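For the protein sequence lines, the chains are W and C, in the order given. Just so you know, the first sequence maps onto residues 1 to 194 in UniProt numbering. Just so you know, the second sequence maps onto residues 1 to 194 in UniProt numbering. Glycine included, C-beta positions come from ideal geometry on N, C-alpha and C. None of the values given here were measured: they were computed from a predicted structure. Below: the structure, in structure tokens.
Protein chains: 2
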Amino acid sequence: MATNAQRRAQTRGCLINAARHLFAEQGYADTSTEIILSGAGVTRGAMYHHFRNKAELFEAVCDLLSREAMAAIEKAVAGQRGSLATLKAGSLAWVDFMARDDVRRILVVEAPSVLGQERWRALDERYSFPLLREGIREAMEEGALHFSGSAEGLTVLLNGAMNALVLNDPWAENLPRLRQDLLALFDCFSGETP
Amino acid sequence: MATNAQRRAQTRGCLINAARHLFAEQGYADTSTEIILSGAGVTRGAMYHHFRNKAELFEAVCDLLSREAMAAIEKAVAGQRGSLATLKAGSLAWVDFMARDDVRRILVVEAPSVLGQERWRALDERYSFPLLREGIREAMEEGALHFSGSAEGLTVLLNGAMNALVLNDPWAENLPRLRQDLLALFDCFSGETP
DNA sequence: TTGACAAACAGACTACCAGTTTGTTTTTAT
DNA sequence: ATAAAAACAAACTGGTAGTCTGTTTGTCAA
Chain W
1 MATNAQRRAQ
11 TRGCLINAAR
21 HLFAEQGYAD
31 TSTEIILSGA
41 GVTRGAMYHH
51 FRNKAELFEA
61 VCDLLSREAM
71 AAIEKAVAGQ
81 RGSLATLKAG
91 SLAWVDFMAR
101 DDVRRILVVE
111 APSVLGQERW
121 RALDERYSFP
131 LLREGIREAM
141 EEGALHFSGS
151 AEGLTVLLNG
161 AMNALVLNDP
171 WAENLPRLRQ
181 DLLALFDCFS
191 GETP
Chain C
1 MATNAQRRAQ
11 TRGCLINAAR
21 HLFAEQGYAD
31 TSTEIILSGA
41 GVTRGAMYHH
51 FRNKAELFEA
61 VCDLLSREAM
71 AAIEKAVAGQ
81 RGSLATLKAG
91 SLAWVDFMAR
101 DDVRRILVVE
111 APSVLGQERW
121 RALDERYSFP
131 LLREGIREAM
141 EEGALHFSGS
151 AEGLTVLLNG
161 AMNALVLNDP
171 WAENLPRLRQ
181 DLLALFDCFS
191 GETP
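Set out below in structure tokens:
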């Protein structure tokens, strides 16, 4: 005798968890709903009661991973002093999290295509993007960061640079080097590399 | 009485052209091979004679669009004097081309997912990436660009920044502003904005 | 408690679609 | 001229996302 809220959370959780691992291993298109169902120990009717379609289940997985990313960033940022150090630490935490094989495939490679550009943007806007933007704003206001364009624009550009860092390094072999390059990029705005 | 090479070029051209427009309008997953076939005026047998599968046809479309991008860039770069001016002009041309609705959807949004990370990277490596890398190398060697990290790394970062510029602006409403921000970013490396 | 209602779930069924197979026509090379 | 290969035609198949109808389980007011 479980409450409805518990049943709901249980079923959704099983589906999201099974889907998460299968999407990470085989990709969205090559993961059949049937194998998700058997992995979750749930029936078709249950799944389509909780999610309108396969893509909506994928979006729920994206949401979960994004929340995990936020947690990792907040943890990395916790002990930092100064807006620039905070920004750097948070950015590196983001990169490290996104470089994980499962996360990269789902959030970086497939999400824009599966969710479509708009819903993908909305996802970003809900999580990491505002965090990065506020970090940049603060650093600019404190004078730790100099940029002649807009803070919003710089956020888009840096966000993309970090994304590329993950996307261009399929097996994370050059990650240490690229992390350094990212830090060097930040330093270009703080006037330390004339 | 057409030669085989002509027949081949004709059939492939029709398929690629039809697929290009349909993929741009409805996306890869929602475009059935059947509608491509009727659009191209070609039968199933013909298509699967020239392409191993649907994804390979998509890749052919990507190749075509990438070549068109190269042409646009080379045209924009033609009259420029100086490595930095050349770099800026080429980058803006790349952004403007990729911001086109059809190009963005195919090359920026869907290609990483449909081709898979490796083949997508290979595509980039075949076209725009080397161009950008050489532009950056030259500018760095001439002293027009300063960066304490590697040229390769800076290429990855700038390439990603430009990608994000296109991806974060679904209806290109902020494109003029973002183009300015990109130029401001370049200036950070040339020591013009302390 | 009970009874009406809604939420959660079960599983068969359908429409469609990517890729295969087998057979036919056209070009090429000897 | 003829054998081989390239190009094409179209029927067919296995599998899959989403639907439909019906059943079970929880909720809440009287």
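Starting from residue i, find everything on chain C with Cβ-Cβ shorter than 7 Å and list it in chain order.
| i | result |
| --- | --- |
| F186/W | In chain order: nothing, as chain C lies at least about 11 Å away. |
| D181/W | G149, S150, G153, L154 and L157 |
Taking 8 Å as the limit between beta carbons, can you name the residues of its chain near residue i, skipping five residues before and five after?
| i | result |
| --- | --- |
| S128/W | S66, A69, M70, I73, W94 and N159 |
| L64/C | I16 and R20 |
| A76/W | A89, G90, L92 and A93 |
Answer yes or no: does any C-beta atom of chain C fall closer than 8 Å to that of residue i?
| i | result |
| --- | --- |
| N53/W | no |
| R121/W | yes |
| P194/W | At P194/W the pLDDT is 40, less than 50, meaning the model places this residue with poor confidence and gives no usable figure here. |
| E23/W | A small fix is needed here, since residue 23/W is Phe in this sequence, not Glu. For F23/W, the answer is no, since every Cβ of chain C falls outside 8 Å of its Cβ. |
| F189/W | yes |
| L167/W | yes |
Using a Cβ cut-off of 8 Å (strictly closer), state whether residue i contacts chain W.
| i | result |
| --- | --- |
| G177/C | Note that residue 177/C is Arg in the sequence shown here, rather than Gly. It does: the Cβ of R177/C has a partner Cβ on chain W nearer than 8 Å. |
| S150/C | yes |
For residue i, which residues of its own chain have a beta-carbon under 6 Å away from its beta-carbon, when the five flanking residues on both sides are left out?
| i | result |
| --- | --- |
| A19/C | I36, L57 and V61 |
| F51/W | L57 |
| T193/C | With a pLDDT of only 45 at T193/C, under 50, the local geometry of the prediction cannot be trusted, and the value read off the model is given with reservation. Counting only Cβ-Cβ distances below 6 Å, and skipping sequence neighbours, we find D187. |
| T86/W | V77 and Q80 |
For a contact meaning CB atoms closer than 7 Å, what does residue i contact in chain W?
| i | result |
| --- | --- |
| A164/C | V156, L157, N159, G160 and N163 |
| L37/C | Per Cβ cutoff of 7 Å: no residues; L37/C is ~21 Å from chain W at best. |
Which chain W residues are close to residue i, counting only those with a beta carbon under 9 Å from its beta carbon?
| i | result |
| --- | --- |
| S113/C | G27, Y28, A29, V109, E110, A111, P112, S113 and V114 |
| W132/C | The question names Trp, yet the displayed sequence has Leu at residue 132/C. Here the premise fails: no neighbours, minimum Cβ distance about 11 Å. |
| L92/C | Result: empty, since nearest Cβ-Cβ is about 14 Å, beyond 9 Å. |
Near residue i, which residues of its chain fall below 7 Å by C-beta distance, leaving aside the five closest residues on each side in sequence?
| i | result |
| --- | --- |
| L145/C | L84, I136, A139, F189 and S190 |
| F23/C | T31, F58, V61 and I106 |
| K88/C | L183 and F186 |
| R12/W | H50 |
| A178/W | The amino acid occupying residue 178/W in the given sequence is Leu; Ala does not appear at that position. The answer, listed in chain order, is L165 and D169. |
| F147/C | M140, L154 and F189 |
Please determine, among the options, the residue with the shortest C-alpha to C-alpha distance to residue i.
| i | options | result |
| --- | --- | --- |
| D96/W | R12/W, P176/W and D187/W | P176/W |
| S150/W | E134/W, H49/W and E173/W | E134/W |
| L154/W | L154/C, A161/C and G153/C | A161/C |
| L167/W | R8/C, A99/C and D124/C | D124/C |
| V156/W | A5/C, L165/C and V42/C | L165/C |
| E118/W | C14/C, R104/C, S148/C and N53/C | R104/C |
| R100/W | T3/W, R121/W and W171/W | W171/W |
| P130/W | S113/W, R8/W and E152/W | E152/W |
| W8/C | A78/C, M47/C, G116/C and N53/C | According to the sequence shown, residue 8/C is Arg rather than Trp. It is M47/C. |
| V114/C | C14/C, Y28/C and A122/C | Y28/C |
In chain C, which residues lie with their C-beta within 8 Å of the C-beta of residue i?
| i | result |
| --- | --- |
| F97/W | Correct list: empty, because the minimum Cβ distance to chain C is about 17 Å. |
So with CB distances below 9 Å, who are the chain C contacts of residue i?
| i | result |
| --- | --- |
| E118/W | P170 |
Could you name the residues of chain W that residue i contacts, counting a contact when the two beta carbons are closer than 8 Å?
| i | result |
| --- | --- |
| L15/C | In chain order: nothing, as chain W lies at least about 21 Å away. |
What I want to know is whether the C-beta of residue i ends up closer than 7 Å to one or more non-hydrogen atoms of the ligand FAD.
| i | result |
| --- | --- |
| L182/W | In the structure shown, the ligand FAD is absent, as is every other ligand, since no ligand is present at all. |
Check your understanding: Which full runs of the alpha helix (DSSP H) of 4+ residues lie inside the UniProt domain "HTH tetR-type" (9-69) of chain C, going along the chain?
Key -> 33-40 and 44-50
Point to revise | 3 or more residues per run - each beta strand (DSSP E) lying fully within the region 132-171 of chain W | key: none
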